[in-house]
Structures are given as C-alpha cells and as structure tokens.
Amino acid sequence: MVFKRVAIFGATGLEGESLLEALSGMELGIETASVFAADAEGETAMFRGRPVAVKAPDTADFSALDLAIFLPEVGSDAALVDAACDAGIVVLDATDTLAQRDDVAMFCEGAEVVAGKLFAIADAASSHVAALLQQLASATIKRVDISVAQAVSVAGRDGIEALAAETARLLGGQTPDTTALGQQIAFNVLPQSADRAAAELEHNLSRLLGDNVAVVANVMMVPVFYGHTIMLRVACEARPDLSALRGCLSEDSRFRLFPNEDAEQASPVCLQGSDCIDIDQLYYDRRDETAFRCTVVGDNLRKGAVFNIIELLKILIKINI
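For the sequence shown, position 131 matches number 131 in UniProt numbering, and the numbering has no gaps at all.
Here is the structure:
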C-alpha cells in the first residue's frame, strides 16, 4: 500500500513533531502531508524540511486522503475519528477513541496485525508492559497490578513548560504562576488514579493481554520531563520461571536488564541515548511465588504512540493493506 495523501491530527504537539520527523525519512510514497491542530490554525509545522500550514480539524476532507493519524494531543474527538472511518481510509488512532470498539484491533510492537483499515494504537505504558509479559510464554497470567509514575511530557508541551517554569520560580524564591496542569507539579506528585489515565491504561492493557486478565492501575504524575517508571506485580496460575524470563530479556535487543555495567538501577536518567525498555528489580513476590514483581522504565515519547505508528505503517506497506 502506498500512502500518497496523509493527514496528521494533533500534529503540533511533541508527538506530532516526532512523527513528522520520522515520516520525513520513510519511503511511504507520501506526496502530500496535511497537518491539523485545534489550537494552532494558521501556524506551520515542518515536514521534509519545509513548512506546512496547520489547519483546523473540522476542515479536513477525508475523501481526499489515504491515511489519517490521530495523536493524543488532538483530544478524543469521536466525531472526527468516526468521519475518517466512514470515508473508508486507513485510520491509526492513538486518542483512545477506537480502542473502545471491540471490532477494532489494538496495535503495539509485536502484536499480530489482522486485515483491516482501522487500528487503535496502544499507549506507551501498556506497550512496554505487554512487551515484557509476552516473554512469559509458558505462564498463564491472572492479574496485573500496575503503578505508573508518568512524566509531565504526557501532557505535551504544556507539561514540559509548566515544570520548567515552576522549578525556576521556586528555586528563585518565587511563588509559581497558575499552571496549565491545574496544580503545581515542581517538587510535587499529582495522583491521577481517579482520572481517565488509569481507566485508559486498564482497558488498553486488558485488550493486549486478553480479557481474562484482571488489570488494576494506579497513575501519578511526577516532576520528570521524559520517561515513565512502572512498578509491576504479576500474578500467575503457577510459579513462573524467572530465570528463563531473564534469559529471554537478555537476548532481546528491545530490553536492558539492571543492574548492569551502565548503572546499578534503572531510572529515566538512564534512558538518554537509548530506545530500550529497562527492566529492574525482577523477583518473586515475598508472600506468593506464583507472582512476581519488577520495575519497567521506558521513554514515553520515543517508544510510545509514535513508535507504534511507525512500526504498524511498515507492516501495512509490507502486507499491502
């Protein structure tokens, strides 16, 4: 499949910039790339070294497109996504709209791609946990308890700017201005488990692992620019073979096991210059050896929705969807 006419919604955010850069270097046969953002009409985005005018989403003509990509920063505009689906084009949705439909496949790296034109794109945290648990070939998972410390970049450029500005003011002995995040994030932790972030994570991970696996998520935002830290407890039907799991992870270039020669402990700081998913503190639960715990650290931008979109596009071109 050649995607000649492509549209990206939410293109002016951090993920939009990353996706445009990635698409610029890919051989997709793209002739025109249209970019849309609700709050940036009249501005420009860069594609293949040239500025492209940003348009209002409601001006999109889906009948003139081959592919529409919806990024989280466009928001969950179900009507807009539905219009793209009705046009019969290929739709890659990272806004959680299509993820709510049982008839739409959810994709993350390593997932099997079924024939179709509609795909829900998994979030970074769900993708990283699913990639790890796919290595448990012989273990049947019953329940996954996941606690995620999210970086402010999940809130886009507003989150980055809020943390930087608040930190500077506080270190200068000043009170922070009103923040785009609603509350102060510098030197603070914001619980988000009652927010849609936790519900979205539970839903997406359940879909990737199978509906018979119970998933309970807790989410918080922490004063870190990039990289999430995930504390995981996985309960299985029988005692999992953690030695075999470590062996699989050490042989898979997608992962790094800690401690190693680079650091004693995995952390977002260790992600600099790496696209790996870092695994640390992998051990049996002290009270139940049919369960294990570990820490998963990954880059929420480089290895998130954009990475999954690029991987899926490569597959769609190869199988000629």
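Note that beta-carbon positions come from the ideal geometry of N, C-alpha and C, so glycine has one too.
Remember, it's a predicted structure, so these values are computed and weren't measured experimentally.
Per DSSP, the continuous alpha helix (DSSP H) segment holding K318 begins and ends at 305 to 319.
Boundaries cannot be given for G227, as no alpha helix (DSSP H) includes it and DSSP labels it neither H nor E.
T97 counts as buried, since no fewer than 16 other beta carbons sit within 10 angstroms of its beta carbon. For the segment 53 to 96, the full-length alpha helix (DSSP H) segments reaching 4 residues or more read 78 to 86 along the chain. Per the DSSP secondary-structure output, D280 pairs in a beta bridge with T295.
C270 sits in a helix when the DSSP states are folded into three classes. For H203, same chain residues with a beta-carbon under 7 Å away, outside a window of 5 residues either side, are A99 in chain order. CA-CA distance, G159 to Q135, rounds to 34 Å. Of the other Cβ atoms in all chains shown, 16 or more fall within 10 Å of the Cβ of F255; this residue is therefore buried. With contact defined as three or more Cβ pairs closer than 8 Å, the segment 144 to 163 and the segment 19 to 31 are not in contact.
Around the Cβ of M221, a 10 Å sphere holds 16 or more other Cβ atoms; the residue is buried. The C-alpha of V297 is placed about 9 Å away from the C-alpha of C276. Partner residues in the beta bridge of S34, as assigned by DSSP, are A7.
Close CB contacts of F225 within its chain, under the 7 Å cut and outside five residues either way in sequence, are with A151, V152, S153, I160, L163 (chain order).
K314 and F3 have their alpha carbons spaced roughly 11 Å apart. G13 counts as buried, since at least 16 other C-beta atoms from the protein chains shown sit within 10 angstroms of its C-beta.
Contact between the segment 29 to 38 and the segment 66 to 82 is established, with three or more Cβ pairs separated by less than 8 Å.
Boundaries of the alpha helix (DSSP H) around R196: 196 to 209.
Going by C-alpha positions, F47 is about 16 Å away from A68. Just measuring C-alpha positions, the residue of V269, L249, L242, L316 sitting nearest E289 is L242. In the three-state reduction of the DSSP assignment, A180 falls in the coil class.
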